[in-house]
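Peer 1: In terms of the numbering used here, the sequence shown has 69 at position 66, counting the first letter as 1, and numbering is strictly consecutive.
We put the CB at the ideal spot given by N, CA and C, even for glycine.
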Amino acid sequence: MRAPHALEIEGVFKYYGDFAALRNIALRVDRGSTVALLGRNGAGKTTLLRIIAGLSKPSEGSVKILGSNVRDDAARRRIGVLGHGISLYEELSAHENLTIFARLYGLDQPGETASAWLERIGLGRVRDGLVREFSRGMRQRLAVARAFIHEPEVLLFDEPFTALDDRAIAVLQGLLADAHAKGRTIVMSTHQLKEALVLATDVALIRRGEIAYAGTRTQQMVDDTGWLYRTYEDD
């Protein structure tokens, strides 16, 4: 029997009043794939990622993560999310923040795991510092660690490199490369086409709330990043 896809989206619509932000989205992602989710501002990328992450409920349709409904707790534990907001506890220390998230995911040794991740992202020396006193770059690295701390099988990133400083970008790139090598599934929206297409194994292009293209990333897309938009978006 074939193992379930990492991600299965069937007939997803999302309405805000009478406005359809997403229309009949259908997408299947194999395990171990890295998918670049592309589209212009307002196309529906963030809305779709929030639904995949279980943070927003579709008006119609279904989303499954590794065969389970994304709204189920078991499925959510298998997902790591990095969105636009940093979403940390400002009045707690870096170590306390990661320990809380490790406990939420039911890890056996939350404190030890938090310490190991702080060393990995270069914040071991300030583990007891309050997050509100951290620079934006330090907070960004902590948010990246939060998304990875439970070794999720599916990683969802919304514009992951936007506003990151150079240190945080290097940390994230290293973690992404390691996740891909371990066979994790990655779905990321981005405006940085060249970088995304080099990393991606597959591409999904959203146009006005609909999937305009979904398939394997080709070398032509890497060599001419504008080709995808010219072919599938221009009227």
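In three-state terms, what does DSSP make of residue 26?
Peer 2: strand
Peer 1: Between which two residues does the alpha helix (DSSP H) containing residue 151 stretch?
Peer 2: 139–151
Peer 1: So the beta strand (DSSP E) residue 189 belongs to, where does it begin and stop?
Peer 2: 188–192
Peer 1: Which residues bound the beta strand (DSSP E) around residue 60?
Peer 2: No beta strand (DSSP E) contains residue 60, which DSSP labels as neither H nor E.
Peer 1: What first and last residue would you give for the alpha helix (DSSP H) that runs through residue 229?
Peer 2: Going by DSSP, residue 229 is part of the alpha helix (DSSP H) stretching over 229–235.
Peer 1: Do three or more CB pairs link the segment 57–73 to the segment 224–232 at distances below 8 Å?
Peer 2: no
Peer 1: Tell me, which residues are paired with residue 166 by DSSP?
Peer 2: None, per the DSSP bridge assignment.
Peer 1: Measuring alpha carbon to alpha carbon, tell me which residue in 7, 99 and 203 is nearest residue 34.
Peer 2: 7
Peer 1: Taking C-beta to C-beta, are residue 38 and residue 190 nearer than 8 Å?
Peer 2: yes
Peer 1: My output table needs one value for residue 217: the three-state DSSP class, helix, strand or coil.
Peer 2: strand
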